[in-house]
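Residue numbers (this note's numbering): 31 to 265.
Cβ atoms here follow ideal geometry from the backbone N, Cα and C, with glycine treated the same way.
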């Protein structure tokens, strides 16, 4: 299910936002605007909900089939199992995101050559801008990934970490709409804030990077280490 979510969800989003660009039909659509349509769209549809659901699905498979009990009898160190599961989920997200980028590039070039109003899309995009966007988008979900890796391990019922994630996401959205100044301190905020407003670089910043990205690194490291020691004790 996690793999199908990554594949089908990515393909669906690629065609959905290409359709949005086609329907809106903005004059002289360039690559920066085309990227904005896609990334602003996934800031709520795929980030962070995609990561929350991904973690819940991956761990539900292990809980539901009793795989954790079976793995306890294996000669593999528990720390290696814990880290490999986190790495697998990160890889799945990264691959899905790369497929998303390849898809938006493909649809963008197609629209550029098929529609005269989109002639600007026949040019090459700003690769440095795109690479930065990819890297910081991945960095923005590290906190959520580590937190929900731990939560999905701690609760064997699929609905519990999923509910916590959805509530956290909804609260973050409400605080964002209310203009709360310290939104960047929440683990669910970085993908919403950075990805949605990446062209204007949301405030506050540190070393030229949105502070929420650094917070995401912090949550990612703390939750990964805390979950690691919790997993060793539980094992």
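{"Check": "Would you report the Cα separation of residue 251 and residue 148, rounded to the nearest angstrom?", "Outcome": "43 Å"}
{"Check": "In three-state terms, what does DSSP make of residue 210?", "Outcome": "coil"}
{"Check": "Between the region 235-255 and the region 97-106, are three or more C-beta pairs nearer than 8 Å?", "Outcome": "no"}
{"Check": "Nearest to residue 85 by CA position, among 210, 172, 106, is which residue?", "Outcome": "172"}
{"Check": "Does the beta-carbon distance from residue 267 to residue 93 come in below 8 Å?", "Outcome": "The question about residue 267 has no answer here: the residues shown for the chain are numbered 31 through 265."}
{"Check": "Output the residue ranges of the alpha helix (DSSP H) runs that lie fully inside the region 67-128 and measure 4 residues or longer, sorted by chain position.", "Outcome": "79-94, 97-101"}
{"Check": "State the Cα-Cα distance for the pair residue 208 and residue 214, rounded to the nearest angstrom.", "Outcome": "13 Å"}
{"Check": "On the criterion of 16 or more Cβ atoms from any shown chain inside 10 Å, does residue 47 qualify as buried, or is it exposed?", "Outcome": "buried"}
{"Check": "Run the CB neighbour count on residue 157, radius 10 Å, all protein chains shown included, and call it buried at 16 or more, exposed below.", "Outcome": "exposed"}
{"Check": "Hey, would you say residue 87 sits closer than 8 Å to residue 31, going by beta carbons?", "Outcome": "yes"}
{"Check": "Report buried or exposed for residue 117, applying the criterion of at least 16 other Cβ atoms within 10 angstroms of its Cβ.", "Outcome": "exposed"}
{"Check": "Tell me the rounded alpha-carbon separation between residue 221 and residue 73.", "Outcome": "6 Å"}
{"Check": "Between the region 42-57 and the region 179-198, are three or more C-beta pairs nearer than 8 Å?", "Outcome": "no"}
{"Check": "Buried or exposed for residue 95, please, with buried defined as at least 16 other CB atoms from any protein chain shown within 10 angstroms of its CB.", "Outcome": "exposed"}
{"Check": "With a cut-off of 8 Å on the beta carbons, I'd call residue 61 and residue 155 a contact; round off their distance for me.", "Outcome": "4 Å"}
{"Check": "In the DSSP output, which residue or residues are listed as bridge partners for residue 244?", "Outcome": "Answer by DSSP bridge pairing: none, since residue 244 is not bridged."}
{"Check": "Buried or exposed for residue 82, please, with buried defined as at least 16 other CB atoms from any protein chain shown within 10 angstroms of its CB.", "Outcome": "buried"}
{"Check": "Looking only at its own chain, which residues have a Cβ that is under 7 Å from the Cβ of residue 244, when we skip the five neighbours before and after it?", "Outcome": "236"}
{"Check": "Please work out which residues of its chain come closer than 7 Å, Cβ to Cβ, to residue 44, disregarding the five sequence neighbours upstream and downstream, and give them in chain order.", "Outcome": "130, 133, 134, 137"}
{"Check": "First and last residue of the alpha helix (DSSP H) that includes residue 47?", "Outcome": "32-54"}
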